[in-house]
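First up is the structure itself, then whatever we jot down about it.
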Amino acid sequence: MGLLYILITVVLFAALVGLSLRYYFPFRFPKDPNLPRVLMYHATDVEPWQGMRAGLNVSPALLAFQLRYLKEHGYTFVTATELLTFPPVARHVCLTFDDGYEDNYANLFPLLRTYQAKATIFPARQREYPGKPMLTDTQIREMSDSGLVEFGGHTMNHVKLPDVDDATAEREIREGKAWIEQVTGKPCTSFVYPFGQYTPRDVEVLKRLGFACAFTCDKGIRRIEDPYRIDRLSAHGEMKTWQFPLVLSRGKFKI
Numbered sequence: 009m010g011l012l013y014i015l016i017t018v019v020l021f022a023a024l025v026g027l028s029l030r031y032y033f034p035f036r037f038p039k040d041p042n043l044p045r046v047l048m049y050h051a052t053d054v055e056p057w058q059g060m061r062a063g064l065n066v067s068p069a070l071l072a073f074q075l076r077y078l079k080e081h082g083y084t085f086v087t088a089t090e091l092l093t094f095p096p097v098a099r100h101v102c103l104t105f106d107d108g109y110e111d112n113y114a115n116l117f118p119l120l121r122t123y124q125a126k127a128t129i130f131p132a133r134q135r136e137y138p139g140k141p142m143l144t145d146t147q148i149r150e151m152s153d154s155g156l157v158e159f160g161g162h163t164m165n166h167v168k169l170p171d172v173d174d175a176t177a178e179r180e181i182r183e184g185k186a187w188i189e190q191v192t193g194k195p196c197t198s199f200v201y202p203f204g205q206y207t208p209r210d211v212e213v214l215k216r217l218g219f220a221c222a223f224t225c226d227k228g229i230r231r232i233e234d235p236y237r238i239d240r241l242s243a244h245g246e247m248k249t250w251q252f253p254l255v256l257s258r259g260k261f262k263i
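For the sequence shown, the working numbering gives the first residue as 9, with consecutive numbering after it.
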């Protein structure tokens, strides 16, 4: 009886340890390497802008490391719309940058040229942070003309879509799309929900206005089944270089 008790105790303890390790990211099983990796960025200043929430800024040095890592590990860089048709037989990554800060031109754009990497930027025309410069039309046009940057919609004023009425939501999305298309001379077919918030109504508006895909702020690595609810991975500004592979393989960097 004593030996049986010991065996049962050992089995139960092992089961509890196994369940705990499921939530300890290095011990989670790596995801299929050919599933899409969609990385979510915002600002790219050398130092975080005063008042900006921690983690929303990825320094140029950290960004350069990440681009170099992706190149060295065989990832193909795709834009948001290319993501929908890229064959799931090779590693690929989609870099997304929300809000449209001017530092995306000053710091990100040179790195994209250096590493010949593609990215998609989703600018809102409103200045979200007082005094922080946003991309100008001239900068957007130059980046778009390079062939390395796609521009998607993010509404005109960075509104929380669930908080506004139907007419306002559609106007914000439609006018944001028209602005991007007027500046770039190219179709605007991808979208990011401001603050990651949306309703089924907003999805229907996107479909009606001709958007092909939309991205949330939900975290995950999975096959794209609904192109209007694509998950992303947080490229957190406080991430260490050794944590970046954890994001790519397991979906999160914190342990």
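Yeah, the Cβ is synthetic: ideal placement off N, Cα and C, and Gly gets one too.
Nothing here was measured: the structure is a model prediction, and the numbers come from that model.
From what residue to what residue does the beta strand (DSSP E) around residue i run?
{"i": "S257", "result": "That residue, S257, is in no beta strand (DSSP E); its alpha helix (DSSP H) goes 252 to 258."}
{"i": "D107", "result": "100 to 107"}
{"i": "V46", "result": "45 to 49"}
{"i": "I181", "result": "No beta strand (DSSP E) holds I181; the alpha helix (DSSP H) holding it covers 174 to 192."}
{"i": "T128", "result": "127 to 131"}
Can you give me the C-alpha to C-alpha distance between residue i and residue j, rounded to a whole angstrom?
{"i": "T197", "j": "K215", "result": "10 Å"}
{"i": "E90", "j": "P202", "result": "22 Å"}
{"i": "M60", "j": "G139", "result": "12 Å"}
{"i": "T146", "j": "G82", "result": "33 Å"}
{"i": "R179", "j": "F117", "result": "30 Å"}
{"i": "D276", "j": "A51", "result": "No information on residue 276 is available, as it lies outside the stretch 9 to 263 that the chain covers here."}
{"i": "R182", "j": "R76", "result": "37 Å"}
{"i": "E319", "j": "L70", "result": "Residue coverage of the chain in this structure runs from 9 to 263, which leaves residue 319 outside it and unanswerable."}
{"i": "P141", "j": "M151", "result": "16 Å"}
{"i": "D40", "j": "H166", "result": "34 Å"}
{"i": "V213", "j": "G160", "result": "15 Å"}
Around the C-beta of residue i, are 16 or more other C-beta atoms found within 10 angstroms, so that it is buried, or is it exposed?
{"i": "V54", "result": "exposed"}
{"i": "D153", "result": "exposed"}
{"i": "K126", "result": "buried"}
{"i": "T224", "result": "buried"}
{"i": "D171", "result": "exposed"}
{"i": "G155", "result": "exposed"}
{"i": "W187", "result": "buried"}
{"i": "A98", "result": "exposed"}
{"i": "T249", "result": "exposed"}
{"i": "K194", "result": "exposed"}
{"i": "P38", "result": "exposed"}
{"i": "R45", "result": "buried"}
With DSSP as the reference, please indicate the residues paired to residue i in a beta bridge.
{"i": "P37", "result": "The residue you asked about is not Pro; residue 37 is Phe in the sequence shown. None; F37 has no bridge partner."}
{"i": "A62", "result": "None, per the DSSP bridge assignment."}
{"i": "I148", "result": "BP columns for I148 are empty, so no partner."}
{"i": "M142", "result": "Y109"}
{"i": "T84", "result": "H100"}
{"i": "R240", "result": "K227"}
{"i": "S198", "result": "C221"}
{"i": "E158", "result": "T128"}
Kindly indicate the opening and closing residues of the alpha helix (DSSP H) around residue i.
{"i": "F219", "result": "Unbroken run through F219: none, as it is neither H nor E."}
{"i": "P68", "result": "68 to 80"}
{"i": "I229", "result": "Unbroken run through I229: none, as it is neither H nor E."}
{"i": "G120", "result": "It is worth fixing the name first, because residue 120 is Leu in this sequence and not Gly. Here the alpha helix (DSSP H) through L120 covers 117 to 123."}
Which whole-angstrom value is the C-beta distance of residue i and residue j, which I expect to be below 8 Å?
{"i": "L92", "j": "P235", "result": "6 Å"}
{"i": "L103", "j": "T128", "result": "7 Å"}
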